[in-house]
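Asker: Note that this note's numbering has the sequence shown beginning at 1, numbered continuously upward.
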Amino acid sequence: MALTKYKLGELIEQSDERNSDNKFTLDNVKGISIQKIFIETKANMEGVSLTPYKLVRPDDFAYVTVTSRNGEKITLTHNTTEDTYIVSSSYIVFCVKRTDLLLSNYLFMYFNRTEFDRFSRFNSWGSARETFSWEDFCDIDIDLPPIDIQQKYVDIYNAMISNQQCYERGLEDLKLTCDAFIDTLKHKRQGVPIGDYITVTDKKNVENKQYRFAGLSMENYFIDSIADENNLDFTKYKIVEPGEIGCVLMKVGRDARITIARNESSECYLISPAYYTFSINGINSDYFMLNVNRSEFERRGWFSCDSSARASLPWIEFCNLTIPKATEEEQEIVGYIYQSLLLRTNINNKLKAQIKDICPILIKGSIEEARKEA
1 MALTKYKLGE LIEQSDERNS DNKFTLDNVK GISIQKIFIE TKANMEGVSL TPYKLVRPDD
61 FAYVTVTSRN GEKITLTHNT TEDTYIVSSS YIVFCVKRTD LLLSNYLFMY FNRTEFDRFS
121 RFNSWGSARE TFSWEDFCDI DIDLPPIDIQ QKYVDIYNAM ISNQQCYERG LEDLKLTCDA
181 FIDTLKHKRQ GVPIGDYITV TDKKNVENKQ YRFAGLSMEN YFIDSIADEN NLDFTKYKIV
241 EPGEIGCVLM KVGRDARITI ARNESSECYL ISPAYYTFSI NGINSDYFML NVNRSEFERR
301 GWFSCDSSAR ASLPWIEFCN LTIPKATEEE QEIVGYIYQS LLLRTNINNK LKAQIKDICP
361 ILIKGSIEEA RKEA
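1) When you compare the CB positions of Val66 and Thr131, do they come within less than 8 Å of one another, or not?
2) Below 8 Å on the Cβ atoms is my contact criterion, and I expect Ile323 with Gly215 to pass it. Report the Cβ-Cβ distance as a whole number of Å.
3) Alpha carbons only, please: which of Leu8, Ile260, Gly246, Lys238 is nearest the one belonging to Lys377?
4) Tell me which residue opens and which closes the beta strand (DSSP E) that Thr75 is part of.
5) What distance in whole Å lies between the Cβ atoms of Thr184 and Met218, which are believed to be in contact at a cut-off of 8 Å?
6) Put Cys268 into one of helix, strand or coil per three-state DSSP.
7) On a CA-only basis, which of Gln14, Ser15, Lys42, Leu55 is nearest Asp21? Give me that one, please.
8) How about Tyr63 and Tyr106: do their beta carbons lie closer than 8 Å?
9) Measure the C-alpha to C-alpha separation of Leu103 and Gly47 and round it to an integer number of angstroms.
10) What would DSSP say about Lys7, mapped onto helix, strand or coil?
11) Measuring alpha carbon to alpha carbon, tell me which of Val240, Ala256, Cys268, Ile194 ends up nearest Leu290.
12) Shortest alpha-carbon distance to Tyr53 belongs to which of Lys350, Glu207, Val93, Ser133?
13) Are Ala370 and Ile149 close, meaning C-beta to C-beta below 8 Å?
14) Kindly indicate which three-state DSSP category Lys209 falls into: helix, strand or coil?
15) Does the structure place the region 285-303 close enough to the region 353-370 that three or more beta carbon pairs sit under 8 Å?
16) Grouping DSSP H, G and I as helix and E and B as strand, with all else coil, what is Asp143?
17) On the criterion of 16 or more Cβ atoms from any shown chain inside 10 Å, does Phe122 qualify as buried, or is it exposed?
18) If I measure Cβ to Cβ from Glu40 and keep anything under 6 Å in the same chain, skipping five residues before and after, which residues do I get?
19) Taking just the CA atoms, how far does Ser33 sit from Ile355?
20) Which of the three DSSP states, helix, strand or coil, is assigned to Ala214?
21) Compare the C-alpha of Lys42 against each of Val292, Gln35, Val29, Glu298 and name the closest.
22) Let me check understanding here. Comparing Cα to Cα, which of Asp196, His187, Ser272 lies closest to Asp228?
23) Taking the alpha-carbon of Asp376 as reference, which of Cys166, Ile226, Asn348, Val87 has the nearest alpha-carbon?
24) Starting from Ser279, follow its DSSP beta bridges and name the residues at the other end.
25) Have a look at Arg69, Ile245, Thr51 and flag the residue whose alpha-carbon is nearest the alpha-carbon of Asn394.
26) Exposed or buried, what is Pro145 when buried is set at 16 or more other beta-carbons lying within 10 Å of its beta-carbon?
27) What is the DSSP secondary structure of Ser15, counted as helix, strand or coil?
28) Look up Glu244 in the DSSP assignment and give the residues it is bridged to.
29) For the alpha helix (DSSP H) containing Glu296, name the first residue and the last one.
30) Specify, as a first and last residue, the run of the beta strand (DSSP E) that Asp59 falls within.
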């Protein structure tokens, strides 16, 4: 038993199966995030024909060749579900053809490493848009342990995935509890415009202080910005102090999402001058956040968007969106649930990070074990 070196192209093959009979619909369309998972597409699908879209069957992989302006990562994922998805025809779809030599879950562990992200970026070529081509992808050298050693380390990985997914299901149950409580209030209480509770802050970084440069995730929390910091004038950027809120109202019509997050940290953030910043007064801040992070609230925002190219939600329309007027006691109850939700979401995100962090350890461990048994 020993390591065997292969070209990746010897072990995988491209799939070009199209949705030519329109069997799959908009419900099956997926995009891919830089976190290496399938997500709901952000593209405007109005009037788009789905017949050229590629099928991603169970156990297939898909990746986007463009790597520039992508957070130094390659956009790639593995379909571990029993469902078939469809993706843009610009994506590359492939599968493992030598299943006697390579487990698909082991291959995804190999891809799900920072080292592979760096490798794909280093080997990307182009001017305006750098790409990691299929030909270069297939030219990767990979050292493979025997299949039984691969399986041993895949089992460890799958156990961690199972644990995280179990925790996430509990998180979804808590979200349902939140929604049920708010829905009850919505039918019992009068709606109040959120603008009644908002005080715009709009503080610019005029002293050019070195605050953390942040963006907003569509999951409604602050993240490190993936924008290129070179030549940016940070004196024009807005400061979000602890407890304050940042909000993105552009492309709400396209994404059907309002990206809004509260600074839960003890440090100040810098965000784009195109974003809104404000504080909350006269209402429990947790109660406010739980309401504005609900899908039902986002749908009402989507309905109020303008017809511009960016499909933005005007600030005045945002402020006119309503939430149920609750008593202080009801707000405290919802606030307690929301804090539990934040805590559990944070734990779930840490579990996901641990899974990614362990991938290089598992790959290294499998290689070292194969060498010892050679």
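The beta-carbon is built from N, C-alpha and C at its ideal position, and this holds for glycine as well. In this text the structure is predicted, and so the values were computed from the model without any measurement.
Answerer: Taking the coordinates as given:
1) yes
2) Going by Cβ atoms, the distance from Ile323 to Gly215 rounds to 25 Å, so no, they are not a contact pair.
3) Given that the chain is displayed from residue 1 to residue 374, the structure contains no residue 377 and the question cannot be resolved.
4) From DSSP, Thr75 is part of no beta strand (DSSP E); its letter is neither H nor E.
5) Between Thr184 and Met218 the Cβ distance is about 27 Å, and since that is not below 8 Å, they are no contact.
6) coil
7) Leu55
8) no
9) 39 Å
10) strand
11) Ile194
12) Val93
13) yes
14) coil
15) no
16) strand
17) exposed
18) none
19) 16 Å
20) strand
21) Val29
22) Ser272
23) Beyond the ends of the chain as shown, which are 1 and 374, falls residue 376; an answer cannot be given.
24) Thr199
25) Residue 394 is absent from the structure shown; the chain starts at 1 and stops at 374.
26) buried
27) strand
28) Bridge partners of Glu244: none, in fact.
29) 295-303
30) From DSSP, Asp59 is part of no beta strand (DSSP E); its letter is neither H nor E.
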